[in-house]
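Scroll down for the structure; my scribbles are underneath it.
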Amino acid sequence: MYSVPKLKSFTAAALDKAVEKLLAAVKEEASAVKTEADWKTFRDRWMARKNGVLTEINDLWLKAAPKEAKREVGQRVNQLKASVEEAVAKAEHLQAQGASGSSAKVVSDALDITLPGNRRPLGSEHPVIKTMHEIVSVFRNLGYSVEEGPVIETDYYNFEALNFPPNHPARDTQDTLFIANQESKPQRDRLLLRTHTSPVQIRTMEKMKPPVRIVIPGKVHRNDPPDASHSPMFHQVEGLAVDTNITFCDLKGTLDHAMKALFGSSVKTSFRPSFFPFTEPSAEMMVSCFICGGSGKRGSEPCRPCKQTGWIEILGCGMVDPNVYGFVDYDPKKVSGFAFGMGADRIAILKYGVDDIQLFFNGDVRFLEQFG
Ligand SMILES: [Zn+2]
């Protein structure tokens, strides 16, 4: 291995010869560099401040040179430094290329700044969820709080405590999706997918004394085959107000206000008698058609959403049946209240003019992004 000789003569010819040997040595050693470790050893051998070859040249050649040769030797040493630095840099570059194995890796590691970036589309609320939030916020503004409950319920909360008679058709397996293998349990403990959000009324009254004002959004299930207007899974928003001296007038006033807040201040409301096991009396509420303005016509065309009647049936409601209070330890002589429930999907269908409920649940982004 090359070691720096002491110069006996400082003539130009002697210097040329010494420089030539040194350059040959650096070239030879550079060509032996294969790995990063090799290159570090090579760099340190030649350039280390303490014992590197360049330092030795400085000591053995420049410092040892007689005064009259210093200028000449100094120039040579500076040139050598530049040559050695260049050789070290070149060796590093070649080593890095060699270590990467093939040009394929160099290509794959390369960053192509002309490639388009990853697109991250912004999501938005699903139209049904958006509708539910709108309904809920109307009642929140009236001082109602939001309550939620389990989607898998017991027969007791879904039916019995809501005053459903033993042979009510909603209990039938044709309408209700029961969890399998529950036969060994007493009927009230059997599990099912709740058919309405009403069990949350019972659960809330069990833990809360009157006054109660709650709004209940949630998913419900029924054994309905899917078609344009039915889905085995759909959404309800339900409400309950129980306090002293609550009358049917409060029910009408509250719901009339809510419909005007939802559909515009010009809509009218109308009630007609109905039946639900857990309310007495019960009613269905209609709003004047907010699509045709109650005329039943859109221009010369008949208005389909209201079937040309000018009215749209929007929810079921009624005064809480006193029997229900018996299940939650309320005194029906002291308190009274009303309840109502509506289908969020149906309202979204009317609001957005969608003709098939399945579109909401197919997950087709092209449909959903229209509501973004
Ligand atoms: Zn209409």
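All residue numbers for the sequence shown refer to the working numbering, where the first residue is 226 and numbers rise by one.
We put the beta carbon where it would ideally sit given N, CA and C, even for glycine.
Since the model is a prediction, treat every value here as computed from it, not as a measurement.
Residue environment, residue i, which counts as buried when at least 16 other CB atoms sit within 10 Å
i, result
"residue 466", "buried"
"residue 417", "buried"
"residue 526", "exposed"
"residue 574", "buried"
"residue 226", "exposed"
"residue 545", "buried"
"residue 487", "buried"
"residue 352", "buried"
"residue 429", "buried"
"residue 342", "exposed"
"residue 390", "exposed"
"residue 340", "exposed"
"residue 421", "buried"
"residue 336", "exposed"
"residue 541", "buried"
"residue 561", "buried"
"residue 305", "buried"
"residue 311", "exposed"
"residue 338", "exposed"
"residue 456", "buried"
"residue 483", "buried"
"residue 579", "buried"
"residue 513", "buried"
Beta-ladder partner(s) of residue i, from DSSP
i, result
"residue 418", "377"
"residue 536", "513"
"residue 498", "508"
"residue 438", "466"
"residue 461", "443, 568"
"residue 542", "508, 565"
"residue 526", "523"
"residue 423", "DSSP output for residue 423 lists no bridge partner at all."
"residue 409", "For residue 409, which the question treats as bridged, DSSP gives no partner whatsoever."
"residue 371", "440"
"residue 403", "417"
Span of the alpha helix (DSSP H) around residue i
i, result
"residue 584", "583-586"
"residue 253", "237-256"
"residue 550", "547-552"
"residue 365", "352-365"
Coil, strand or helix - residue i by DSSP
i, result
"residue 384", "coil"
"residue 562", "strand"
"residue 293", "helix"
"residue 267", "helix"
"residue 226", "coil"
"residue 592", "helix"
"residue 430", "helix"
"residue 474", "helix"
"residue 503", "coil"
"residue 308", "helix"
"residue 389", "coil"
"residue 448", "coil"
"residue 479", "helix"
"residue 343", "coil"
"residue 262", "helix"
"residue 555", "coil"
"residue 233", "coil"
"residue 174", "The question about residue 174 has no answer here: the residues shown for the chain are numbered 226 through 597."
"residue 318", "helix"
"residue 336", "coil"
"residue 284", "helix"
"residue 485", "helix"
"residue 573", "helix"
"residue 579", "coil"
"residue 323", "helix"
"residue 492", "coil"
Presumed contact (8 Å Cβ cut-off) between residue i and residue j, rounded CB distance
i, j, result
"residue 453", "residue 581", "4 Å"
"residue 543", "residue 505", "6 Å"
"residue 237", "residue 297", "7 Å"
"residue 501", "residue 495", "With a Cβ gap of about 18 Å, residue 501 and residue 495 do not count as contacting."
"residue 445", "residue 461", "5 Å"
"residue 383", "residue 411", "In fact, because the Cβ distance is near 15 Å, the residues do not count as touching under 8 Å."
"residue 322", "residue 264", "The pair is not a contact, with the Cβ atoms about 12 Å apart (cut-off 8 Å)."
Residue i: first and last residue of the uninterrupted beta strand (DSSP E) it sits in
i, result
"residue 275", "Note, residue 275: premise wrong, no beta strand (DSSP E); not H, not E."
"residue 396", "From DSSP, residue 396 is part of no beta strand (DSSP E); its letter is neither H nor E."
Test: residue i CB closer than 8 Å to a CB of chain B
i, result
"residue 500", "Included in the structure is just one protein chain, with no chain B present."
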